[in-house]
Structures are given as C-alpha cells and as structure tokens.
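Trainee: Heads up: the sequence lines are chains E and S, in that order.
For what it's worth, the numbering used here labels the leading residue of the first sequence as 1, then goes sequentially.
For what it's worth, the numbering used here labels the leading residue of the second sequence as 427, then goes sequentially.
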Amino acid sequence: MNWLEFITFDNALIRNVVLGSTLLALSSSVVGCFTLLRKRALVGDAVSHSVLPGVCLAFLFQGTKDPLVLLIGAFITGWLSLLTIDLITKRSRIPEDAATGLVLSVFFGVGILLLTYIQHLPNLANQSGLDSFLFGNILSISEKDLYVFGAVAICLLTCVWLFYKEFQVLSFDEGYASTIGMPVKGLRLLLTTLTVLAVVVGIQSVGVVLMAALLITPAAAARFLTNRLGPMVIIAAIIGATAGLTGTFISSAFRTPTGPWIVMALSIMALGAFFFAPKQGILAKWIRQRHWNRQIQDENILKAIFQFQLDNNSNDPVQTETLIKWRPMEAKQLRSGLKRLSSQGYLEQNNGWLLTQVGQKRGERITRLHRLWETYLTKYLKIAPDHVHEDAESIEHIITPELELELEKLLDYPEKDPHDSSIPRS
Amino acid sequence: MADQNTTSATPALEVHDLTVSYHSKPVLWGVDFTVPQGTLTGIMGPNGAGKSTLIKSIMGLVEMNSGFAHILGGPLEKVRQQVSYVPQRESVDWNFPASVLDVVLMGRYGKLGLFKRPRKADKEAALSCLEDVGLLPFKDRQIAQLSGGQQQRVFLARALAQDADIYFMDEPFAGVDAATEQAIINLLKKMREQGKTVFVVHHDLQTAPEYFDWMVFLNTRLVANGPTKKVFTQEVLKETYGGKLSLLVQVGDLLAEEGLPPRKG
C-alpha cells in the first residue's frame with residue numbers, strides 16, 4: 001500500500017478502509033458527547049478496556065476471527081463491566097471512581113492474560129491480528145467486516161438522531177426527565193448500550209487501550225468551541241472524522257497500528273481548540289489581555305501628560321525624562337507607548353511631547369473618571385480618601401460613557417474629588 | 427386541564443401513610459394529609475425534616491416504603507401531563523451546553539412525546555414563559571453565565587412551559603435576592619388566581635404566612651396540615667422546630683444499623 005494509491009483513492013479497498021475508519025471514528029465521537037456530558041468518561045475508559053477479554057473468549061470458543069462473533073463477545077464483557085461497577089458501588093462502601101478503576105484493571109488484566117495464552121497456542125492458524133485489538137489496526141480488516149462495523153456505526157448515529165431530545169434532557173437533568181414521563185430507565189439503558197457499541201466499533205481503528213480518547217477527546221474539544229449541544233455534537237463528529245481520516249492515512253504510510261496516529265491527530269486538534277477557540281481559547285484570552293494592557297498603558301500616559309500640564313500650568317512640550325520622574329513608569333514601555341500614541345494621532349512630537357486635541361480630551365476624560373470614581377467610593381462605600389486611589393487606577397479604564405453619565409448624575413456633578421483636586425468637566 | 431371525572435372538590439394532593447427511608451433510615455414516617463385544589467401551599471420544616479424527600483417521592487423520584495400519593499384523585503402516571511416539578515437549582519450542572527431557551531423548551535418535551543422535535547408553537551410558548559419570569563432578553567445566553575436567581579427563574583419558566591395544573595417546587599427561593607423572590611411569589615400568586623395549585627418547599631418562617639394560604643408542617647412525621655390561619659401557631663411551630671422526637675430518632679438509627687427498612691413490602 002503506498003501513499004499515491006492512498007491519496008488518489010484508486011484502490012477501492014483502500015478507499016473503503018479509509019471511509020470506514022472515518023465513519024467509525026465519527027460515530028464514536030458523537031456517542032462520546034453524551035458520555036462526557038453525563039460525566040461517565042472514566043466509565044467509558046473502563047468499558048473500552050473490558051471488551052478485550054470478551055474478544056479473546058469469543059475467539060477461543062469459536063476459533064474464528066468472524067467479526068460478528070468477536071463483536072458479541074466484546075459487547076458481553078463490556079456490559080458485564082458496567083454491571084460490575086454498578087454492583088460494587090451499590091453493595092459496598094467503595095465509591096464509583098474506585099470501583100471503575102478496579103473493574104478496568106481486573107478486566108483488562110484478564111484480557112491480556114487470555115491474549116498471551118492465545119498467542120502461545122501452537123495450532124491455531126488465524127490467531128494473528130488478534131493483538132491489533134490492543135492498538136487498533138483497521139488496515140488489517142477485511143472488506144466484509146468493514147461493512148458490518150459500518151452498519152453498526154450508522155445504527156448508532158440513527159439512534160442518536162432519533163433520541164436526541166431525550167438524551168439531551170437525560171444528560172442535563174435526569175430527575176426532571178423522569179417527572180415529565182420520559183422512560184428514563186429505558187433511555188439510560190439505550191445510551192449505555194450505544195456507548196458499549198461505540199467502543200466495540202471504535203476499537204477496530206483505535207484499539208482498547210486508546211479507545212477512551214476517541215470517545216472523550218472530540219467531545220471535550222468541541223465543548224471548548226461552542227456553548228450549545230447541537231453544534232457540539234456536530235463539531236465532535238467533524239473532529240472525530242478528521243482524526244479517523246488522517247490517522248488512517250499516516251499509519252498506512254508507516255505501516256503501524258492506526259490507533260496511535262488517530263489519537264495523535266485527535267490530540268493535536270484538541271490542543272488547537274484549547275488554544276485557538278474564539279472566546280474561551282488561550283490565545284483569545286491572551287489577545288484580550290494584551291489589548292487591555294495596552295489601553296491601560298496608553299491612557300495612563302495621556303493622563304500623566306494632561307495632569308503634568310495642568311499642575312504646572314503650561315502648554316509646553318513634555319520631555320520623556322520629565323514624565324518618568326513625575327509619574328514612575330517603565331522607560332521601555334513608556335517609549336513604545338509614546339510612539340504608538342503619536343502614530344494614532346493622540347500625541348505630537350515637537351521638542352518633546354504635546355497632546356493633540358483628541359489626546360487632550362482623552363487624558364481629561366481619564367482624569368475625570370479617576371476622580372469621579374474616588375468620589376463615588378468615599379461617598380457610597382464609605383472608604384477613606386487615602387484608600388481609593390489604587391482602585392480608581394483600574395476602574396477608570398473600564399467605565400463606559402453610559403456609566404460615566406450615571407456616575408456624574410448620581411454624584412450631582414461634583415467639582416472636587418476627595419483629595420480636593422478639581423474634576424474636569426466634559 | 428383536569429380530567430372529566432375530577433372536579434374542583436377532588437383534592438389536589440392526597441398523601442396516605444407515606445414512609446420513605448434512605449439506607450434503611452426513615453426520612454418520612456407515616457405521613458398522611460390532603461390538600462385542596464387552588465391553594466398556594468408551603469411545605470415547612472427544619473433541615474432534614476424530609477421536605478424535599480416528600481415531593482421527590484410524590485414525583486416518583488425516590489421509592490416509597492409504604493403508602494401512596496394521589497394527585498387529582500389518581501396515581502401520578504394518570505395525571506403526569508398535569509403535574510410539573512421544579513428541582514433544586516444545585517441538582518444540575520449549569521455548565522451543560524445549552525442556552526436559556528433550550529432549557530425552557532425541555533418543558534414542552536413531555537407533551538411532545540418520543541421522537542418528535544419541538545415545533546414553532548412550542549418555541550413560542552417557551553418564549554412567552556421566559557417573558558413571564560422576566561428573562562426574555564437572556565434567551566440566547568449560555569446557562570452558566572446566569573446568576574443564581576436567574577437560573578432559578580429558568581427552572582420556573584421550564585415548569586410554566588409544561589402548562590400543568592399542579593406544581594411542586596423544591597426551594598425556589600434558595601440563593602435568590604429579595605427582588606427576585608418578590609417577582610417569583612407574585613408569579614405564584616398569579617398562578618393560584620388562575621386556579622393552579624402550587625406546592626413550595628420553604629424555609630423562611632418570616633415570609634411564610636404572607637406567601638401561603640395553606641401549610642404542611644413536617645419533621646420526619648407530619649406535624650400539622652391545614653389553612654395557614656389555623657396551623658401557623660406557636661404550638662405547631664414549637665413542635666415542628668423544637669427538635670426531633672428522641673425516641674423516633676433512636677428507633678430510626680437502630681433500623682439503619684440493622685439494615686431493616688420500615689414496613690417493607
């Protein structure tokens with residue numbers, strides 16, 4: 001299998017494998033949204049690991065790699081693990097997270113044991129490839145099997161589409177769902193079955209060890225990008241599908257299991273979402289922060305020049321050094337700020353710095369807001385006049401014109417601030 | 427609206443010999459009372475008195491050890507579409523990806539039934555309920571970005587969207603500012619005028635007589651039930667809030683220790 005064949009989709013089998021892998025990843029991601037929202041992520045991980053003994057047992061009993069048989073085996077132990085977690089939580093003092101961890105490791109341990117046993121069997125012909133259940137290798141799957149899993153994936157998607165409204169309420173407020181007459185027990189059973197099926201389908205391409213990543217990562221990344229359930233499911237589907245596609249692509253070139261590559265692709269996209277999400281992303285927050293810092297810096301410079309001229313009763317240009325001495329600021333930041341302000345038309349350079357008309361206005365406004373806020377704090381919050389300056393230093397930058405009007409009205413257009421400095425009028 | 431065979435004389439709620447226990451420890455013990463339709467009823471009692479458990483068991487959310495609760499003369503299943511429940515605000519995770527309107531629309535799901543999507547009419551009904559609780563401008567807001575009082579009102583709007591006759595509300599005033607509390611109580615009084623019956627789990631004794639025209643006093647057992655004028659007395663208050671009956675507590679502890687549920691079967 002080479003790259004060119006892959007990219008051009010010439011080979012029908014390869015095309016099917018890639019499309020199949022994409023579909024499987026997509027359906028697991030969609031179901032995973034509800035697993036995440038119902039706070040069952042860890043349980044999803046337990047189910048993923050617990051299907052391994054089922055696969056091995058099915059193989060031992062039937063001696064074939066018939067996917068339907070393996071699927072049924074996986075389904076049974078997957079469900080069994082859930083029931084065991086339930087039983088332990090209900091009947092003992094062990095909390096759910098501990099029970100989940102316990103079940104995960106015990107089931108997976110048994111699975112590994114069986115797998116090792118199978119690999120050492122002398123006369124079992126087609127045992128090879130069973131270990132691809134560990135890390136997933138969809139490239140080794142036959143076309144017929146692919147159709148079986150594809151069909152299951154489509155069933156999953158249809159179920160979610162049909163019961164979308166019910167799953168939404170169930171995930172948000174289960175008690176309420178039952179009071180409006182929804183068959184909560186049945187729905188819970190259905191959703192759990194879908195989760196187990198999503199795992200059984202997903203392990204074909206990702207393997208049991210990494211399956212939880214396919215279930216949870218797309219949903220978690222999608223949650224970062226939207227605040228509504230519908231878009232979240234769709235975005236998770238897109239992320240899952242893209243990872244399935246690219247992961248299968250890359251692994252075919254390196255002839256390695258598909259699972260790790262799909263999970264790598266998922267992780268990169270998830271990291272991308274965390275960094276570049278439009279509102280909640282780290283980058284967006286950083287840009288917002290920088291914007292604020294700059295605005296605060298600029299306004300502080302304008303305010304300083306304005307007040308310097310006011311205090312010294314002069315309209316002469318102000319030297320950078322004088323400014324630093326008068327209002328301690330970091331020299332480097334001050335210089336870049338001065339440059340920025342003059343390029344924006346708030347300052348003019350002429351043997352020093354002069355405020356333009358708009359610069360004058362903005363400096364005056366910040367001074368006014370500062371002094372208004374100080375007055376407000378002493379009057380309404382009964383804070384001592386010597387404690388209000390620090391607070392006003394930050395509030396002056398955030399007050400909107402509407403709030404400014406309200407503030408002036410509330411304080412009855414004061415002339416003087418608590419430090420007896422005059423408040424400039426707009 | 428009410429069934430043909432239920433008249434205004436049919437009690438809104440009839441609780442009969444109700445016993446509920448958590449881990450074999452009784453929380454409600456032999457509770458027995460009847461409340462008529464068209465009342466605004468306060469369910470009162472100290473912490474741990476079983477107030478929330480009472481309405482949860484009526485709504486079928488916790489199992490009853492014995493007894494039954496009839497709503498409008500029949501079991502819950504028969505009148506489900508006429509009954510609405512407002513859970514405590516803390517019972518859900520408000521980080522859930524949903525807008526205010528999404529949550530209120532859930533109130534319409536019961537009538538829609540399985541598979542059907544909300545129609546335009548449902549959306550309009552939900553919007554009008556949002557207007558009733560004064561949250562229309564917030565309809566597209568993600569629910570995590572609301573204040574506690576606003577979240578409480580979202581739950582209220584969701585219940586209103588069910589268009590029920592009987593409402594059970596679990597502490598709708600918890601963590602709500604004074605202005606919101608007033609707005610909510612006005613809304614509840616308006617609902618009573620429209621002939622609805624509203625049950626409210628409530629803590630504050632100061633406001634209770636002004637809010638409710640009927641009261642149920644609980645402290646594991648039923649202490650009093652009746653019109654506010656009759657039951658809001660020093661005697662009843664003392665009995666309700668004066669502490670638990672120590673013998674009852676001892677027997678309850680014993681039951682929990684032995685793992686024997688009271689009146690199994």
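All residues carry an ideal CB built from backbone N, CA and C; glycine is no exception.
(1) With 8 Å as the threshold, decide whether the Cβ of L170 of chain E is near any Cβ in chain S.
(2) Decide if F638 of chain S is buried, meaning its Cβ has at least 16 other Cβ atoms within 10 Å, or exposed.
(3) Using three-state DSSP, classify Q360 of chain E as helix, strand or coil.
(4) Just to confirm my understanding: we take V662 of chain S, look at its own chain, exclude 5 residues before and 5 after, and list those with CB closer than 8 Å. What are they?
(5) Quick check on DSSP: helix, strand or coil for A384 of chain E?
(6) Between the Cα of F167 of chain E and those of S:P472, S:P501, S:Y535, S:D443, spot the shortest distance and give me the residue it belongs to.
(7) Looking at A583 of chain S and C555 of chain S, is the spacing between their C-beta atoms short of 8 Å?
(8) Are the beta-carbon atoms belonging to T195 of chain E and G44 of chain E less than 8 Å from one another?
(9) Can a CB atom of chain S be found closer than 8 Å to the CB of D86 of chain E?
(10) Helix, strand or coil: how does DSSP classify I592 of chain S here?
(11) To the nearest whole angstrom, what separates the beta carbons of L170 of chain E and V184 of chain E, a pair I think is in contact under 8 Å?
(12) So the beta strand (DSSP E) F494 of chain S belongs to, where does it begin and stop?
(13) Give me the residue from E:I324, E:Y376, E:L52 with the minimum Cα distance to G109 of chain E.
(14) Quick check: the region 369-381 of chain E against the region 390-405 of chain E, are at least 3 beta-carbon pairs closer than 8 Å?
(15) Quick check: the Cα distance between D589 of chain S and L487 of chain S, rounded to an integer number of angstroms?
(16) Does any C-beta atom of chain E lie closer than 8 Å to the C-beta of D679 of chain S?
(17) Rounded C-beta distance between T258 of chain E and G181 of chain E? I'm assuming under 8 Å.
(18) Against chain E, which members of the region 634-647 of chain S pass a CB distance test of less than 7 Å?
(19) What span of residues does the beta strand (DSSP E) with E348 of chain E cover, start to end?
(20) Which residues in the same chain as G337 of chain E place their Cβ atom closer than 7 Å to its Cβ, once the five residues preceding and following it in sequence are excluded?
(21) Return the chain-ordered ranges of every alpha helix (DSSP H) run that is complete within the region 7-74 of chain E and spans a minimum of 4 residues.
(22) Tell me which residue opens and which closes the beta strand (DSSP E) that V456 of chain S is part of.
(23) Would you check if there are 3 or more beta carbon pairs closer than 8 Å linking the region 564-582 of chain S to the region 597-606 of chain S?
(24) Suppose contacts are defined by Cβ-Cβ distances below 8 Å. Is L480 of chain S in contact with T646 of chain S by that definition?
(25) Could you confirm whether any beta carbon from chain E is found closer than 8 Å to the beta carbon of F522 of chain S?
(26) Does the beta-carbon distance from L323 of chain E to L334 of chain E come in below 8 Å?
(27) How many angstroms separate the CA atom of P635 of chain S from the CA atom of K90 of chain E?
(28) How many Å lie between G359 of chain E and A270 of chain E at the Cα?
(29) How many Å lie between E390 of chain E and G678 of chain S at the Cα?
(30) Just to confirm the assignment: which complete alpha helix (DSSP H) runs, minimum length 4, are found wholly within the region 490-561 of chain S?
(31) If you reduce the DSSP assignment to three classes, tell me which class P437 of chain S lands in.
(32) Between P653 of chain S and chain E, is any beta-carbon pair separated by less than 8 Å?
(33) Mapping DSSP to helix, strand and coil, what is S623 of chain S?
(34) Report the rounded CA-to-CA distance for A74 of chain E versus F172 of chain E, giving the unit in angstroms.
(35) In whole angstroms, what separates the C-alpha of S450 of chain S from that of G456 of chain S?
(36) Are the CB atoms of T623 of chain S and Q463 of chain S nearer to each other than 8 Å?
Mentor: In short, the structure shows the following:
(1) No, L170 of chain E does not count as interfacial toward chain S.
(2) With 16 or more Cβ atoms within 10 Å of its Cβ, F638 of chain S is classed as buried.
(3) In the structure shown, Q360 of chain E adopts helical secondary structure according to DSSP, grouped into three states.
(4) Closer than 8 Å at the Cβ level, and outside the excluded window around V662 of chain S, lie F643, V649, A650.
(5) Coil, per DSSP.
(6) Ranked by Cα distance from F167 of chain E, the options S:P472, S:P501, S:Y535, S:D443 are led by S:Y535.
(7) The Cβ atoms of C555 of chain S and A583 of chain S sit closer than 8 Å to each other.
(8) A contact, by the Cβ cut-off of 8 Å.
(9) D86 of chain E does not count as touching chain S.
(10) DSSP places I592 of chain S within a strand segment (E or B) once states are collapsed to three.
(11) The beta-carbon separation of L170 of chain E and V184 of chain E, rounded to 7 Å, stays under the 8 Å limit for a contact.
(12) Its beta strand (DSSP E) spans residues 492-497.
(13) Out of E:I324, E:Y376, E:L52, E:L52 has the C-alpha closest to the C-alpha of G109 of chain E.
(14) Yes: the two stretches touch, three or more of their Cβ pairs being nearer than 8 Å.
(15) Roughly 21 Å separates the two Cα atoms.
(16) In terms of beta-carbon proximity, D679 of chain S stays away from the interface with chain E, with every pair separated by 8 Å or more.
(17) About 44 Å separates the beta carbon of T258 of chain E from that of G181 of chain E, a gap too long to meet the 8 Å contact definition.
(18) Against chain E - using a Cβ distance shorter than 7 Å - the region 634-647 of chain S contributes no residues.
(19) That run of the beta strand (DSSP E) goes 347-349.
(20) Once the five neighbours on either side are set aside, the close Cβ partners of G337 of chain E are Q297, D298, I301.
(21) Within the region 7-74 of chain E, the complete alpha helix (DSSP H) runs of at least 4 residues fall at 12-37, 41-62.
(22) According to the sequence provided, residue 456 of chain S is Gly. The question's Val does not apply to it. First-last of the beta strand (DSSP E) with G456 of chain S: 451-461.
(23) Result yes; three or more Cβ-Cβ pairs closer than 8 Å.
(24) L480 of chain S is not a Cβ neighbour of T646 of chain S, given a cutoff of 8 Å.
(25) True, the Cβ-Cβ gap to chain E drops below 8 Å.
(26) Yes; because the gap between Cβ atoms is below 8 Å, this pair is in contact.
(27) Looking at the two C-alpha atoms, the distance is approximately 42 Å.
(28) It is roughly 44 Å from the alpha-carbon of G359 of chain E to the alpha-carbon of A270 of chain E.
(29) Approximately 59 Å, taken between the alpha carbons.
(30) Complete alpha helix (DSSP H) runs here, min 4: 502-505, 526-538, 546-558.
(31) Coil.
(32) With 8 Å as the cut-off, P653 of chain S does not count as an interface residue toward chain E.
(33) The residue you asked about is not Ser; residue 623 of chain S is Thr in the sequence shown. T623 of chain S: strand per DSSP, three-state reduction.
(34) If I take the Cα positions, the gap works out to 29 Å.
(35) Answer to the nearest angstrom: the Cα atoms are 15 Å apart.
(36) Contact annotation: T623 of chain S and Q463 of chain S have beta-carbon atoms nearer than 8 Å.
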